[in-house]
Amino acid sequence: ILVGDMGVGKTSLISQYIKNIFPENPLPTIAIEFTTKIIELNTTKIKLQIWDTTGEEKYKSITSHHYRKALGALLVYDVTRHSSFENCVRWLSELKNFTDKDCVICLVGNKIDLIEKTKSKRDVQISEGENFAKRNNAIFFEVSAKKFGEINNCFQQMVKKIYEIKKDFYKTGGSVNESFVVKDSII
1114 ILVGDMGVGK
1124 TSLISQYIKN
1134 IFPENPLPTI
1144 AIEFTTKIIE
1154 LNTTKIKLQI
1164 WDTTGEEKYK
1174 SITSHHYRKA
1184 LGALLVYDVT
1194 RHSSFENCVR
1204 WLSELKNFTD
1214 KDCVICLVGN
1224 KIDLIEKTKS
1234 KRDVQISEGE
1244 NFAKRNNAIF
1254 FEVSAKKFGE
1264 INNCFQQMVK
1274 KIYEIKKDFY
1284 KTGGSVNESF
1294 VVKDSII
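Structural data, given as structure tokens:
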């Protein structure tokens, strides 16, 4: 599941990851949308269900309901907008309240392409993101939704961590979580 303030680029990250396309003028997400992608990890095919949530407060009760079965979450902020980083505290609190204790969280600073040419546009320092992630046991990334490789790496690292945590559960016949569907229901 992807969470974060409106306008941080959650929909663009998903578009790049799923379609390898950066949408120039994406429409805002209304409430929640989802898509799927099948990837391979250690010769195991994994079907990801990726939920894109709106950052609008008025849909909070709808979106938080979808956190419940998430095994992984990308907590996204805009590196050029400090308020979106500050609000990660609230988003993280919601994730911790509504997800399983083993939910893998990745803190993702998006829009680094905007600071590559103009360093003064950076409003959130790398060290701030790294420290927040470390304090909250999250994996930290800075990415550009325009670059597939960075986003692919982010998702791959999250899935690897989920796999490490859940593989024994699935091998012993545990029920497959709807957010992490695996070919033949076994990891």
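For the sequence shown, our numbering begins at 1114 and goes up steadily by one. Positions of the beta carbon are idealized from the N, C-alpha and C atoms, including for glycine.
Among the options, nearest to residue i - alpha-carbon criterion
i: Met1119; options: Ile1228, Lys1160 and Arg1194; result: Arg1194
i: Cys1216; options: Lys1273, Lys1132, Tyr1130 and Lys1160; result: Lys1273
i: Asn1265; options: Ser1125, Val1116, Gly1117 and Thr1156; result: Ser1125
i: Leu1115; options: Lys1232, Lys1259, Leu1188 and Leu1184; result: Leu1188
i: Arg1203; options: Asn1249, Glu1137, Lys1259 and Gly1122; result: Asn1249
i: Asp1236; options: Ile1218, Thr1212 and Asp1191; result: Asp1191
i: Ala1183; options: Ile1163, Ile1239, Thr1149 and Asn1200; result: Ile1163
i: Leu1220; options: Gly1185, Glu1229 and Ile1152; result: Gly1185
With 16 other Cβ atoms within 10 Å as the buried cut-off, status of residue i
i: Lys1224; result: buried
i: Lys1132; result: exposed
i: Ile1134; result: exposed
i: Glu1263; result: buried
i: Thr1231; result: exposed
i: Thr1105; result: A question about residue 1105 goes unanswered here, because the residues of the chain that appear run from 1114 up to 1300.
i: Lys1123; result: buried
i: Lys1247; result: exposed
i: Ile1218; result: buried
i: Lys1158; result: exposed
i: Lys1214; result: exposed
Same chain, Cβ closer than 6 Å to residue i, five either side skipped, listed in chain order
i: Glu1255; result: Gly1222 and Ile1225
i: Thr1148; result: Ile1131 and Ile1163
i: Ser1240; result: none
i: Leu1161; result: Lys1150
DSSP-derived helix/strand/coil call for residue i
i: Cys1216; result: coil
i: Val1221; result: strand
i: Ile1065; result: Nothing in the structure corresponds to residue 1065, since the chain is present only between 1114 and 1300.
i: Asp1191; result: strand
i: Asp1165; result: strand
i: Gly1185; result: strand
i: Val1116; result: strand
i: Ile1275; result: helix
i: Ile1134; result: coil
i: Thr1231; result: coil
i: Thr1124; result: helix
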